[in-house]
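Protein chains in written order, with the working numbering: chain A, 1 to 140; chain B, 141 to 280; chain C, 281 to 361; chain D, 362 to 442. C-beta: ideal position from N, C-alpha, C; glycine also. Here is the structure we will look at, set down as structure tokens.
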Amino acid sequence: MYLTDAPIDSAALFAAARPSDGGVCTFLGVVRNHHMGRPTERIAYEAYGPMAEAEIGKILDGLAREWPDAQVQVRHRVGVLEIGDVAVAIVASAPHRAEAFVACRAAIDRIKATVPIWKREFHPDGTSDWVDPTAGSPPG
Amino acid sequence: MYLTDAPIDSAALFAAARPSDGGVCTFLGVVRNHHMGRPTERIAYEAYGPMAEAEIGKILDGLAREWPDAQVQVRHRVGVLEIGDVAVAIVASAPHRAEAFVACRAAIDRIKATVPIWKREFHPDGTSDWVDPTAGSPPG
Amino acid sequence: MRIRLLYFATFKDVAGRDSEDRQVAGGAKVSDLWRELTREMPGLLKTGSMPPAAVNREYTGPETVLADGDEVAFLPPVAGG
Amino acid sequence: MRIRLLYFATFKDVAGRDSEDRQVAGGAKVSDLWRELTREMPGLLKTGSMPPAAVNREYTGPETVLADGDEVAFLPPVAGG
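Dropping the structure here:
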């Protein structure tokens with residue numbers, strides 16, 4: 001339910017804000033054309049699907065405990081994505097903006113840290129490699 | 141150019157992300173149905189138009205100096221808005237997410253602090269009043 | 281000399297108008313204008329002491345000396361977003 | 362006893378398969394299984410020491426004792442988002 005192989009409909013996520021929400025903070029992770037100084041042509045996302053769904057669920061449960069006024073939604077693409085495609089969308093809405101921002105930021109940070117999803121970058125020269133964020137790359 | 145009396149087209153703002161951008165942080169300020177414990181029915185936004193445009197421009201110039209990798213866009217509604225309508229949209233895109241988040245948050249904080257825009261809240265009982273954020277209300 | 285004075289939000293309600301042309305003495309400062317306005321309309325004081333002022337669409341301090349043709353506004357607490 | 366082993370990303374490339382059923386000794390721990398796998402496929406060590414492991418879709422530590430029918434995966438550095 002959090003993973004999808006179809007384009008992410010951000011508008012549908014926005015529509016879930018409640019009448020009591022005054023602030024909506026969104027993060028879109030987009031496939032960019034470079035990584036660690038090398039050009040990127042496209043990215044294939046692979047997930048350990050059932051575990052990824054469960055991990056995202058646990059992250060959302062944790063956010064709901066820490067910021068009970070915030071409502072957070074997550075969608076993550078799998079499959080082959082082109083430059084500019086949305087890989088992940090987080091929408092955090094809350095009565096006030098501070099909570100929306102902090103819950104949104106925590107959501108993406110935690111998703112990147114623990115959810116079993118991997119990405120293989122394809123370069124214009126025909127080579128490809130699995131991205132290893134622990135290998136000293138800047139945060140994406 | 142930053143103020144508009146027509147509904148804000150968030151999708152158009154998203155479309156401005158550059159191929160080098162990997163993170164897009166958005167903030168939408170939405171008309172909510174309560175403020176300081178009182179119910180709200182609608183809000184009328186009034187601006188000192190030419191000065192508001194200039195102030196937003198200065199804020200964007202400052203953000204560009206502080207976070208040169210981030211690209212920030214702003215739209216603010218004026219006129220009468222109903223519950224759930226988007227009053228302000230900020231879209232900050234950057235190669236990496238940290239800059240997108242911090243530039244987005246700084247943008248909305250500074251806009252709320254200095255841009256000459258006012259809002260009159262209309263309550264279900266027929267009364268209305270100008271919102272004074274310096275009078276101890278929680279941040280919106 | 282003559283300035284253009286703008287009223288917004290709660291100050292517009294107090295003044296009952298959104299703008300006016302007004303004669304001020306040569307050398308008058310922003311703070312002098314505010315004092316004069318509050319004498320005429322004590323209701324302006326409901327937001328407290330002198331609010332932020334703008335001359336020609338830029339924030340300025342109380343010591344700024346007004347010039348002929350200036351566009352001046354005192355700004356109630358802003359509440360955008 | 363028998364477990365189901367899953368391979369992802371770079372580990373799938375090294376193993377040349379995405380899953381297998383495997384016999385393990387009764388009482389074997391997660392760390393025992395990792396040692397056995399790296400003996401067969403030293404290429405798994407390219408991400409360093411024992412990576413995070415999941416048993417039945419939950420993160421678990423190296424001391425966890427495996428049970429018949431467990432679904433086990435060693436996870437290369439994750440890179441979602």
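In whole angstroms, what is the alpha-carbon distance linking residue i and residue j?
i, j, result
"A:Val-72", "B:Ser-160", "27 Å"
"A:Thr-134", "A:Pro-95", "36 Å"
"A:Glu-121", "A:Met-36", "11 Å"
"A:Phe-101", "B:Val-231", "13 Å"
"D:Thr-399", "D:Gly-409", "11 Å"
"C:Ala-305", "B:Gly-169", "44 Å"
"A:Glu-82", "C:Ser-299", "54 Å"
"A:Arg-75", "A:Ile-59", "13 Å"
"A:His-34", "B:Phe-154", "19 Å"
"D:Arg-418", "A:Trp-118", "16 Å"
"D:Pro-412", "B:Arg-172", "46 Å"
"C:Asp-301", "C:Phe-291", "16 Å"
"C:Asp-350", "A:Pro-39", "54 Å"
Quick check on residue i: does DSSP put it in helix, strand or coil?
i, result
"A:Trp-67", "coil"
"B:Pro-179", "strand"
"A:Phe-101", "helix"
"B:Gly-197", "helix"
"A:Ile-111", "helix"
"B:Ala-151", "helix"
"A:Leu-6", "Note on identity: in this sequence residue 6 of chain A is Ala, with Leu being the wrong assignment. Of the three classes helix, strand and coil, the one that applies to A:Ala-6 here is coil, per DSSP."
"C:Ser-329", "coil"
"A:Asp-129", "strand"
"C:Arg-284", "strand"
"C:Val-294", "helix"
"D:Leu-427", "coil"
"B:Pro-279", "Low per-residue confidence applies at B:Pro-279: pLDDT is 45, beneath 50, and the placement is therefore not dependable, though the value from the model is reported in the following sentence. Note: B:Pro-279 maps to coil in three-state DSSP."
Using a Cβ-Cβ cut-off of 7 Å, state whether residue i counts as contacting chain C.
i, result
"B:Ile-183", "no"
"B:Lys-198", "no"
"B:Pro-190", "yes"
"B:Val-255", "yes"
"B:Ile-251", "yes"
Against chain A, does residue i count as a neighbour if the rule is that its beta carbon must be under 7 Å from one of theirs?
i, result
"D:Arg-365", "no"
"D:Arg-378", "no"
"D:Arg-418", "yes"
"B:Val-170", "yes"
Name, please, each residue of chain A whose Cβ falls closer than 8 Å to the Cβ of residue i.
i, result
"B:Phe-167", "Gly-23, Val-24, Cys-25, Thr-26, Arg-97, Ala-100, Phe-101"
"D:Ala-370", "Glu-46, Trp-118, Arg-120, Trp-130"
Does any residue of chain D have a CB that is nearer than 7 Å to the CB of residue i?
i, result
"A:Ala-54", "yes"
"A:Glu-134", "Residue identity differs from the one stated: residue 134 of chain A is Thr in this sequence, not Glu. Chain D contact via Cβ: present."
Which residues of chain A have a Cβ atom closer than 9 Å to the Cβ of residue i, listed in chain order?
i, result
"D:Arg-383", "Correct list: empty, because the minimum Cβ distance to chain A is about 17 Å."
"B:Ala-152", "The contacting residues do not exist; B:Ala-152 stays about 12 Å from chain A at best."
Give a yes or no on whether 7 Å exceeds the smallest Cβ distance from residue i to chain B.
i, result
"C:Leu-355", "yes"
"A:Gly-140", "Here the model assigns A:Gly-140 a pLDDT of 47, short of 50, so the residue's position is not dependable, and the following value carries that caveat. Yes, because at least one Cβ of chain B sits closer than 7 Å to the Cβ of A:Gly-140."
"A:Pro-7", "no"
"A:Arg-38", "no"
"A:Ile-83", "yes"
"A:Pro-68", "no"
"A:Ser-137", "Caution applies to A:Ser-137, whose pLDDT of 48 falls short of 50 and renders its modelled position unreliable; the value that the coordinates give is listed next. No - not a single Cβ of chain B is within 7 Å of the one on A:Ser-137."
For residue i, write down the residues that DSSP places opposite it in a beta bridge.
i, result
"A:Phe-27", "A:Ile-90, B:Cys-165"
"B:His-216", "B:Leu-143, B:Val-228"
"C:Thr-340", "C:Ala-333"
"D:Val-433", "D:Leu-366, D:Val-416"
"B:Trp-258", "B:Glu-186"
"C:Ser-299", "C:Leu-286"
"B:His-174", "B:Pro-179"
"A:Leu-81", "A:Ile-43"
Give the residues of chain C in contact with residue i, contact being defined as C-beta atoms less than 7 Å apart.
i, result
"B:Ala-227", "Gly-361"
"B:His-216", "Gly-360"
At a CB-CB cut-off below 8 Å, which residues of chain C make contact with residue i?
i, result
"B:Ile-248", "Gly-361"
Below 8 Å on C-beta distance, what does residue i contact in chain B?
i, result
"C:Ala-334", "Tyr-188, Met-191, Pro-256"
For residue i, which residues in chain B fall below 7 Å Cβ to Cβ?
i, result
"A:His-123", "Neighbours of A:His-123 on chain B: none; closest Cβ ~15 Å, over 7 Å."
"A:Arg-105", "Phe-241"
"A:Ala-92", "The premise fails here: A:Ala-92 is roughly 10 Å from chain B at the closest Cβ pair, so nothing lies under 7 Å."
Whose Cβ in chain B lies nearer than 9 Å to the Cβ of residue i?
i, result
"A:Ala-16", "Per Cβ cutoff of 9 Å: no residues; A:Ala-16 is ~11 Å from chain B at best."
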